[in-house]
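Q: Here it is, the structure, as C-alpha cells.
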Amino acid sequence: MNSLRNLWTDNALMLAAGLPDQELPAAALYVVGLPIGNMGDITLRALWVLSSVDAVAAEDTRETRKLLERFGIDTRLLSVREHNERHGAEQIDALLAEGQRVALVTDAGTPAVSDPGARAVEYLRRVGRRVIPVPGASAAITALSAAGLLGTGFDFIGFLPPQPKARHQSAEELAHRKRPFVLYEAPHRILALLEDLGAALTPERRIVVARELTKKFETITSLTAADLSEWIKTHEPRGEYVVLVDEEPMKEETLSVQEEAWLKALAPELPSSRLAAIAAKLTGRPRQEIYTWLTVMRKAQETDAAE
Numbered sequence: 001m002n003s004l005r006n007l008w009t010d011n012a013l014m015l016a017a018g019l020p021d022q023e024l025p026a027a028a029l030y031v032v033g034l035p036i037g038n039m040g041d042i043t044l045r046a047l048w049v050l051s052s053v054d055a056v057a058a059e060d061t062r063e064t065r066k067l068l069e070r071f072g073i074d075t076r077l078l079s080v081r082e083h084n085e086r087h088g089a090e091q092i093d094a095l096l097a098e099g100q101r102v103a104l105v106t107d108a109g110t111p112a113v114s115d116p117g118a119r120a121v122e123y124l125r126r127v128g129r130r131v132i133p134v135p136g137a138s139a140a141i142t143a144l145s146a147a148g149l150l151g152t153g154f155d156f157i158g159f160l161p162p163q164p165k166a167r168h169q170s171a172e173e174l175a176h177r178k179r180p181f182v183l184y185e186a187p188h189r190i191l192a193l194l195e196d197l198g199a200a201l202t203p204e205r206r207i208v209v210a211r212e213l214t215k216k217f218e219t220i221t222s223l224t225a226a227d228l229s230e231w232i233k234t235h236e237p238r239g240e241y242v243v244l245v246d247e248e249p250m251k252e253e254t255l256s257v258q259e260e261a262w263l264k265a266l267a268p269e270l271p272s273s274r275l276a277a278i279a280a281k282l283t284g285r286p287r288q289e290i291y292t293w294l295t296v297m298r299k300a301q302e303t304d305a306a307e
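Using the UniProt record's numbering, read the sequence shown as starting at 1 and increasing by one per residue.
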C-alpha cells in the first residue's frame with residue numbers, strides 16, 4: 001500500500017463518503033476516470049483508489065506524476081501507452097498475479113474512450129483478471145450536458161481518420177445518420193473537419209462546437225451547418241474540441257393539391273383512421289400527418305355547415 005495513504009484516511013470528505021469502509025479488492029485493475037481540465041472535477045473515489053493501489057499504469061507518466069503530486073500521492077508509475085499497450089497489459093497482469101492492485105489512467109478523462117486502455121482491459125479480462133471501473137469525467141458527456149441536443153440518444157464516434165480523403169468520406173457517411181452523433185478533434189485538424197461536415201450535412205442541421213471544456217477559455221457554440229464556413233473564418237483553432245451534430249430536422253411538407261382533392265373525395269366514404277392508413281401506404285407520408293390533416297379538414301367543414 002502507498003505510504004501516503006494516511007493523508008486521506010482521516011480526511012473528513014473521505015469519511016463522509018464512506019470510502020475507508022469500502023472494499024478495495026486485491027489482484028484487480030481499477031480503470032480510473034480523471035479530470036479533462038479542471039482539477040476540481042477529480043472524484044473522492046479516484047483519489048482514494050490512486051492513493052491506495054500499488055501502481056498506476058499511465059498513458060504519460062510525466063503528466064500523471066504532476067496530478068499525483070498535486071494531491072500528495074506518491075504511488076509508483078508504469079507506462080502503458082498506445083504503442084506498448086500489449087506489453088503494458090502483460091506487466092499489469094504480472095502485478096495482479098502477485099495480488100497487487102493497479103490503477104489504469106489516461107492523460108485526461110476516462111481510459112479506453114478514444115484514448116489508450118481498451119486493449120489492456122480486453123487482454124486482462126480475457127485472462128480472467130478482475131476489472132473495476134471508477135467513473136470520472138468524459139468530454140463527450142460533459143459537452144452533451146450543455147449542448148441541448150433535441151434528438152433521442154446519440155452515437156459516439158470519436159476521432160475521424162486524419163487523412164483528408166478518408167475523413168471526407170467518413171463525414172459523408174455520417175451525414176446520412178438521423179440520430180445525433182459526437183466527434184472529437186485536435187486543434188490542428190478541426191477546421192478541416194468542420195469544412196467536411198459543412199459540405200456533407202444539410203444546411204439546417206444543428207451543430208454544437210465545444211472547446212476547452214471545464215477550462216478557463218471554455219466555449220460552447222451552437223450553429224447550423226450553413227454557418228460553419230463563416231464561423232471557420234473568424235475562429236482560430238485552439239485546444240481540444242468536441243463536435244456534436246444534432247438529429248436530422250424533420251421536414252414539414254404540405255399535401256399536394258391532388259392529394260388534398262382525393263382525400264376530400266374519399267373522406268365521406270371512410271373513417272379518418274382507415275383513410276389515413278390507406279393514404280400513408282400509397283403516398284409514403286406519415287399516417288399521423290394525414291390523419292391530422294383529415295381531422296382539421298372535417299372540423300372546418302362542420303364549422304362551415306353550422307354557419
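Quick reminder that beta carbons are idealized off the backbone N, C-alpha and C, glycines included.
Which two residues bound the contiguous beta strand (DSSP E) that contains Val131?
A: Note, Val131: beta strand (DSSP E), 130–134.
Q: Using only the alpha-carbon positions, how far apart do Leu96 and Pro133 sit?
A: In a straight line, the C-alpha of Leu96 is about 16 Å away from that of Pro133.
Q: Taking only runs of the alpha helix (DSSP H) that begin and end inside the segment 60–127, which ones reach a length of at least 4 residues, in chain order?
A: The segment 60–127 contains these whole alpha helix (DSSP H) runs: 61–70, 85–97, 118–126.
Q: Between the Cα of Pro286 and the Cα atoms of Arg298, Ser273, Met297, which residue gives the shortest distance?
A: The shortest Cα separation from Pro286 among Arg298, Ser273, Met297 belongs to Ser273.
Q: What would DSSP say about Thr292, mapped onto helix, strand or coil?
A: The answer is helix: DSSP assigns Thr292 an H, G or I state.
Q: Looking only at its chain, what residues have a beta carbon closer than 7 Å to the beta carbon of Leu47, apart from the 5 residues adjacent to it on each side?
A: Result list for Leu47: Trp8, Phe71, in chain order.
Q: With DSSP as the reference, label Ala210 as helix, strand or coil.
A: The answer is strand: DSSP assigns Ala210 an E or B state.
Q: With DSSP as the reference, label Lys299 as helix, strand or coil.
A: Reduced to three states, the DSSP call for Lys299 is helix.
Q: Alpha carbon to alpha carbon, what distance is there between Leu15 and Pro203?
A: Rounded to whole angstroms, Pro203 to Leu15 spans 53 Å at the Cα level.
Q: What three-state label does DSSP hand Gly198 in the structure shown?
A: If DSSP states are grouped into helix, strand and coil, Gly198 belongs with the helices.
Q: Confirm, please, whether the CB-CB distance from Phe181 to Ile157 is below 8 Å.
A: Result yes, Cβ atoms of Ile157 and Phe181 sit closer than 8 Å.
Q: Looking only at its own chain, which residues have a Cβ that is under 6 Å from the Cβ of Asp107, when we skip the five neighbours before and after it?
A: Result list for Asp107: Glu59, Asp60, Glu63, in chain order.
Q: Cα-Cα, which of Val80, Gly88, Val56, Glu82 is closest to Ile73?
A: Nearest option by C-alpha distance: Val56.
Q: In three-state DSSP terms, what is Ala28?
A: Reduced to three states, the DSSP call for Ala28 is strand.
Q: Taking the alpha carbon of Asp21 as the reference point, which residue from Tyr30, Leu223, Asn11 has its own alpha carbon closest?
A: The residue with the shortest Cα to Cα distance from Asp21 is Asn11.
Q: For Leu150 versus Glu289, is the C-beta distance shorter than 8 Å?
A: Cβ atoms of Leu150 and Glu289: not closer than 8 Å.
Q: Can you check DSSP and say which residues form a bridge with Phe156?
A: The partner list for Phe156 (beta bridge, DSSP) reads Val182.
Q: Using a Cβ distance threshold of 8 Å, determine whether the segment 253–267 contacts the segment 213–233, with at least three qualifying pairs required.
A: No, the segment 253–267 does not touch the segment 213–233.
Q: Return yes when the Cβ of Ala147 is within less than 8 Å of the Cβ of Leu244, no when it is not.
A: Contact: yes.
Q: List the whole-angstrom C-beta distance separating Arg189 from Arg211, where the pair is believed to meet the contact cut-off of C-beta under 8 Å.
A: Contact flag wrong, Cβ pair sits at about 13 Å.
Q: Would you list the residues sitting across from Ala223 in a DSSP beta bridge?
A: For the sequence presented, residue 223 should be read as Leu rather than Ala. Bridge partners of Leu223: Ile207.
Q: Helix, strand or coil for Val242 per DSSP?
A: Strand at Val242.
Q: If distances are taken between C-alpha atoms only, which option among Asp115, Ala200, Asp304 comes closest to Ser229?
A: Considering only alpha carbons, the answer is Ala200.
Q: How is Val56 classed by DSSP in three states: helix, strand or coil?
A: Val56: strand per DSSP, three-state reduction.
Q: For the alpha helix (DSSP H) containing Thr142, name the first residue and the last one.
A: Looking at the DSSP string, the run of the alpha helix (DSSP H) that includes Thr142 is 139–147.
Q: Who are Leu34's beta bridge partners in DSSP?
A: Gly109.
Q: In this structure, how does DSSP classify Leu4 when only helix, strand and coil are distinguished?
A: Residue confidence for Leu4 is low, a pLDDT of 46 falling below 50, so the modelled location carries little weight and cannot support an answer.
Q: Hey, how far is the Cα of Arg205 from the Cα of Pro249?
A: Roughly 7 Å separates the two Cα atoms.
Q: Figure out for me which residue from Ser114, His87, Leu78 has the closest Cα to the Cα of Leu104.
A: Of the candidates Ser114, His87, Leu78, the one whose C-alpha sits nearest the C-alpha of Leu104 is Leu78.
Q: Mind checking Arg101: buried by the 16 CB within 10 Å criterion, or exposed?
A: So Arg101 counts as buried.
Q: So Ala175 is in the alpha helix (DSSP H); what residue range does that whole segment cover?
A: It is not in any alpha helix (DSSP H) - Ala175 carries neither H nor E in the DSSP assignment.
Q: Please report the residue range of the alpha helix (DSSP H) in which Gln258 lies.
A: 257–266 is the span of the alpha helix (DSSP H), which, as asked, contains Gln258.
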